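In my numbering, the protein residues as written are 83 to 583. Written below as structure tokens is the structure these notes are about.
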Amino acid sequence: MLEFHSFVVSNLFLFFICFIACLFLLDFVKSRKNGSQFPPGPKGVPFLGNILQVDFKDPTETLRQLRNEFGDVYSLQYFWKKMVVLNGFEVMKETLINRSEDIADRPRFPIYETLGYVGDTKGIILARYGRSWKEQRKFTLSTLRNFGMGKKSLEERVVEEAQCLCSAFKSQKDHFNPHFLIFNAVSNVISSIVFGDRFDYDDAKFQRLLHLLHVALKGKCGILAQILHEIPILMNIPWLVDRVMKPEYEVIEFLKEIVSDHHKTWNPNFTRDFIDAYLVEMEKVKEDSTSSFNEGNLLMTTYDLFVAGAETTSTTLRWALLYVILYPDVQSKVQEEIDEVIGRKRTPTMGDVLQMPYTNAVIHEVQRCGDIAPMAMPRMTYRNMEIKGYIIPKGTTVITNLSSVLKDQQVWEKPFQFYPKHFLDENGKFVKREAFMPFSVGQRACLGEQLARMKLFLFLTTLLQQLTFEIPNDQPRPREDPLYELLLTPYPYNIHVIARV
83 MLEFHSFVVS
93 NLFLFFICFI
103 ACLFLLDFVK
113 SRKNGSQFPP
123 GPKGVPFLGN
133 ILQVDFKDPT
143 ETLRQLRNEF
153 GDVYSLQYFW
163 KKMVVLNGFE
173 VMKETLINRS
183 EDIADRPRFP
193 IYETLGYVGD
203 TKGIILARYG
213 RSWKEQRKFT
223 LSTLRNFGMG
233 KKSLEERVVE
243 EAQCLCSAFK
253 SQKDHFNPHF
263 LIFNAVSNVI
273 SSIVFGDRFD
283 YDDAKFQRLL
293 HLLHVALKGK
303 CGILAQILHE
313 IPILMNIPWL
323 VDRVMKPEYE
333 VIEFLKEIVS
343 DHHKTWNPNF
353 TRDFIDAYLV
363 EMEKVKEDST
373 SSFNEGNLLM
383 TTYDLFVAGA
393 ETTSTTLRWA
403 LLYVILYPDV
413 QSKVQEEIDE
423 VIGRKRTPTM
433 GDVLQMPYTN
443 AVIHEVQRCG
453 DIAPMAMPRM
463 TYRNMEIKGY
473 IIPKGTTVIT
483 NLSSVLKDQQ
493 VWEKPFQFYP
503 KHFLDENGKF
513 VKREAFMPFS
523 VGQRACLGEQ
533 LARMKLFLFL
543 TTLLQQLTFE
553 IPNDQPRPRE
563 DPLYELLLTP
573 YPYNIHVIAR
583 V
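Encoded structure:
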């Protein structure tokens, strides 16, 4: 009996040794697969690659340090998956503008498949480059224009919401954190386009939704989410997936209810919002089995529009208010320009932006310095491509480090400071800089860029027309460095408002 036990133990030990040896061999083969012309990168740990070397509390700092060591094009390895990081204005211009289609694909995101992003049902943001993505993006851009993007009707919606936000600010006693009031106001703009309605600031259900979106964003920036992406077999452990995705399941259920209500009240002769327009399109192509317009893409595209349209602009506005209380001279100059061009009584319009170079420069500098989407969404090469002498094979995940462009020391005079003169010439006229890429560029550029620009200008000018913002007397000076929550957000801060009108 003892001999049999010894035999089993020794064989198990031998099997374990062989298994580890095979893993080392596989790791070696994988690391050699891309060849000598693949971009260099830091030496990783067997099996894990470089994942332990990345600070997931602030990955932008890790990418910056690696750029200093390996240059503008380098590689990282997460477990056995190789990816390439692009840095700097010249490299980004070459890849995202001059060779846009070569890098227009998307890698797989396994944890999002639990939401419904599967096959060709991947909405817009996560869809692979191809017919489905092109159909959904073209339709969405066209529909947003039809519902007023760039037209006076949508301007009026934004200004009305900005007025509501001003009233909400005025009603606050003493000092307060503006985070969720801003989030609610910005979300209402995209809600009116997508859902056909806005929500009261004290609507409990909508407040719950905004809270879930905020929690979901934080949950996806940690190492656990990355591990689930790279080792999909772990998705079979439900409680592990729930740690990352549970808030988003509730968001999806909220959207399903809204879509269901639209089905019940839909009239093909009267289009109220984006969902109605999508239902009309589904009706048109119902006989086409190859069409990408289906229930799944309706839900996923609605999700993409709502989440992306609400979180990014509201975060940018939080940065804007932070900068105007940290730099009161900037706030005063913007208010002087508002008083001169718009006055204290007339509501702002997008036509005013051409006569307000300083305000326009401040908004652009908020986006540059705030740098809210430092790495954008990962891309994937659509075909083999060569960059800076390196060969990047088709199907390689690519991280576009937009932060390295917005704060490129070879382009900006004061890259790490809030400095609106970056966008003004010697005569005080507004100058658009080529390295200004907060919305990314190329095939995968943010499709809501025009709407976002409208919201930022109309919200900020309306707020500063009516209110002056200050650091509360009993509060410390707010932090100017960012907090990484997938986006770069300001640390929580309080404000005190004084009515100007």
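Virtual Cβ for every residue (Gly too), placed ideally from N, Cα, C. Values in this document were obtained by computation on a predicted structure and should not be read as measured data.
Considering residue i, what are the terminal residues of the alpha helix (DSSP H) in which it resides?
{"i": "T347", "result": "P320 to T347"}
{"i": "Y405", "result": "E377 to L408"}
{"i": "I309", "result": "I305 to E312"}
{"i": "V268", "result": "H261 to V276"}
{"i": "L545", "result": "E531 to Q548"}
{"i": "I357", "result": "F356 to K366"}
{"i": "V487", "result": "S485 to L488"}
{"i": "A286", "result": "A286 to G301"}
{"i": "A443", "result": "P439 to G452"}
{"i": "L316", "result": "From DSSP, L316 is part of no alpha helix (DSSP H); its letter is neither H nor E."}
{"i": "P141", "result": "P141 to F152"}
{"i": "N228", "result": "R213 to N228"}
Looking at residue j and residue i, is the spacing between their C-beta atoms short of 7 Å?
{"i": "V323", "j": "T429", "result": "no"}
{"i": "D434", "j": "V423", "result": "yes"}
{"i": "G278", "j": "D355", "result": "yes"}
{"i": "N266", "j": "E243", "result": "no"}
{"i": "T441", "j": "V416", "result": "yes"}
{"i": "A455", "j": "V487", "result": "no"}
{"i": "E552", "j": "H578", "result": "yes"}
{"i": "D202", "j": "S374", "result": "yes"}
{"i": "T479", "j": "M174", "result": "no"}
{"i": "M548", "j": "R526", "result": "In the sequence on display, residue 548 carries Gln and not Met. Taking 7 Å as the Cβ cut-off, Q548 and R526 do not qualify as a contacting pair."}
{"i": "V297", "j": "L540", "result": "no"}
{"i": "K489", "j": "P502", "result": "no"}
{"i": "I272", "j": "F388", "result": "yes"}
{"i": "P460", "j": "P189", "result": "yes"}
{"i": "E447", "j": "H504", "result": "yes"}
{"i": "A402", "j": "V268", "result": "no"}
{"i": "P121", "j": "V155", "result": "yes"}
{"i": "Y360", "j": "Q119", "result": "no"}
{"i": "T397", "j": "L569", "result": "yes"}
{"i": "G126", "j": "Q159", "result": "yes"}
{"i": "V341", "j": "P350", "result": "no"}
{"i": "Y211", "j": "A250", "result": "no"}
{"i": "G477", "j": "S182", "result": "no"}
Per DSSP, residue i is paired with what?
{"i": "E567", "result": "L569"}
{"i": "Q159", "result": "K164"}
{"i": "G131", "result": "V127 and Y160"}
{"i": "M467", "result": "I474"}
{"i": "I481", "result": "V167"}
{"i": "M462", "result": "D187 and T479"}
{"i": "A581", "result": "L549"}
{"i": "F352", "result": "N349"}
{"i": "F512", "result": "L506"}
{"i": "T203", "result": "V200"}
{"i": "F258", "result": "I577"}
Hey, residue i and residue j are a contact pair by Cβ (cut 8 Å); roughly how many whole angstroms apart?
{"i": "P141", "j": "Y566", "result": "7 Å"}
{"i": "M457", "j": "I481", "result": "5 Å"}
{"i": "I305", "j": "F161", "result": "12 Å between Cβ atoms; not a contact."}
{"i": "Q218", "j": "T431", "result": "Actually they are not in contact, since the Cβ atoms of Q218 and T431 sit about 31 Å apart, beyond 8 Å."}
{"i": "L337", "j": "L381", "result": "6 Å"}
{"i": "D386", "j": "I206", "result": "5 Å"}
{"i": "F171", "j": "V493", "result": "5 Å"}
{"i": "I589", "j": "L310", "result": "Absent from the structure is residue 589, since the part of the chain shown begins at 83 and ends at 583."}
{"i": "E237", "j": "M536", "result": "7 Å"}
{"i": "V326", "j": "L291", "result": "Not quite, the Cβ-Cβ distance comes to about 18 Å (not below 8 Å), so this is no contact."}
{"i": "D184", "j": "Y464", "result": "6 Å"}
{"i": "L145", "j": "N483", "result": "5 Å"}
{"i": "L178", "j": "S522", "result": "7 Å"}
{"i": "I469", "j": "E176", "result": "7 Å"}
{"i": "L533", "j": "L226", "result": "7 Å"}
Please report the residue range of the beta strand (DSSP E) in which residue i lies.
{"i": "I577", "result": "From DSSP, I577 is part of no beta strand (DSSP E); its letter is neither H nor E."}
{"i": "Y472", "result": "Y472 to I474"}
{"i": "I193", "result": "Element bounds for I193: n/a, residue is neither H nor E."}
Determine, for residue i, whether the minimum Cβ-Cβ distance to residues of chain D falls below 7 Å.
{"i": "T203", "result": "Absence of chain D from the displayed structure is noted, only one protein chain being present."}
Taking 6 Å as the line, does the beta carbon of residue i fall inside it for any heavy atom of the ligand MN?
{"i": "M432", "result": "Absence of the ligand MN is noted for the structure shown, with no ligands found whatsoever."}
For the stretch 486–510, list the alpha helix (DSSP H) runs that are entirely contained and at least 4 residues long, ordered along the chain.
-> none
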